[in-house]
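Q: If you scroll down you'll find the structure; I have some questions about it.
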Amino acid sequence: MLTVTDNARTAVQDLAQQAGVPVEGGLRIAQASGQPGNFELALVPAPQPDDQVVDASGATNVFVEAEAAPALDTLTLDTDPGAEGPGFVLTPTA
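Residue numbering for the sequence shown follows this note's numbering, starting at 69 and increasing by one per position.
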């Protein structure tokens, strides 16, 4: 399952709160349509029924589309310190 760092978990919570996303909502990662190997990130009000809900230090605000889950199993979601504004990166899990 995807690993989420504490920095990424906090950033997702902050973004969701600023956007007015309900408490049960969060960040959803899905395969980009028509672009194999690419992912789309979006704030959503709740996970889809078949989404994996990632438990990150007790927070469950990151959701992974079932079709994208196998590709993300060995990756870690973290914040991107080089991004202007909120940004995330996926890196291999150590």
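Using N, Cα and C, we set each Cβ at its ideal position, and we do this for glycine too.
Using CA coordinates, which residue listed in 142, 150, 154, 152 is at the minimum distance from residue 72?
A: 142
Q: Quick check: the Cα distance between residue 162 and residue 144, rounded to an integer number of angstroms?
A: Each residue's alpha carbon lies about 8 Å from the other.
Q: Do residue 134 and residue 119 have their beta-carbon atoms positioned less than 8 Å apart in this structure?
A: yes
Q: On a Cα-Cα basis, can you pick out the residue from 111, 89, 77, 86 that is closest to residue 97?
A: 111
Q: Beta-carbon separation of residue 154 and residue 95 under 8 Å?
A: no
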